[in-house]
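In the numbering used here, the protein residues as written are 112 to 228.
These notes concern the structure reproduced below.
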């Protein structure tokens, strides 16, 4: 039984978030959590919380269905980052000009499922 968790409007550019998400795709959840705990990127903290949330969602789904749940059997089956809305801000520049700053956001989704035997 697969479970999904997603964070929307994460204040981080999708390119930076994809660097971290690419590290965990296809790994077991225990290995993914260890990788994220020690990754130096700033995006690793919200992605770590997201993987933990997906594991908790899987536990709840298994309890509701009356199935056996073992966290060690779960694998990050899908993980992807979509682009969210971009906030546009303006910064004053020399000689009365204005410079546009784009503050990008991301929608990150993680899906965990038991390994197929």
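Note that CB positions come from ideal geometry on N, CA and C, so glycine has one too.
Pairing residue 131 with residue 161 gives a Cβ-Cβ distance that is not under 7 Å.
When DSSP states are grouped into helix, strand and coil, residue 198 belongs to the strand group. With respect to residue 220, residue 195 sits apart: the two C-beta atoms are not nearer than 7 Å.
According to the DSSP secondary-structure assignment, residue 138 is paired through a beta bridge with no residue.
When the beta-carbon positions are compared, residue 189 and residue 154 stay at least 7 Å from each other.
In this model, residue 218 and residue 144 are separated by some 20 Å (Cα to Cα). Under DSSP, residue 212 forms a beta bridge with 200. Residue 188 carries a strand assignment under DSSP once its states are collapsed to helix, strand and coil. Taking all protein chains in view, the Cβ of residue 125 is crowded by 16 or more other Cβ atoms within 10 Å, so the residue is classified as buried. Around the beta carbon of residue 169, a 10 Å sphere encloses 16 or more other beta carbons of the protein chains shown; the residue is thus reported as buried. In terms of Cα proximity to residue 115, the closest of 207, 201, 158 is 158.
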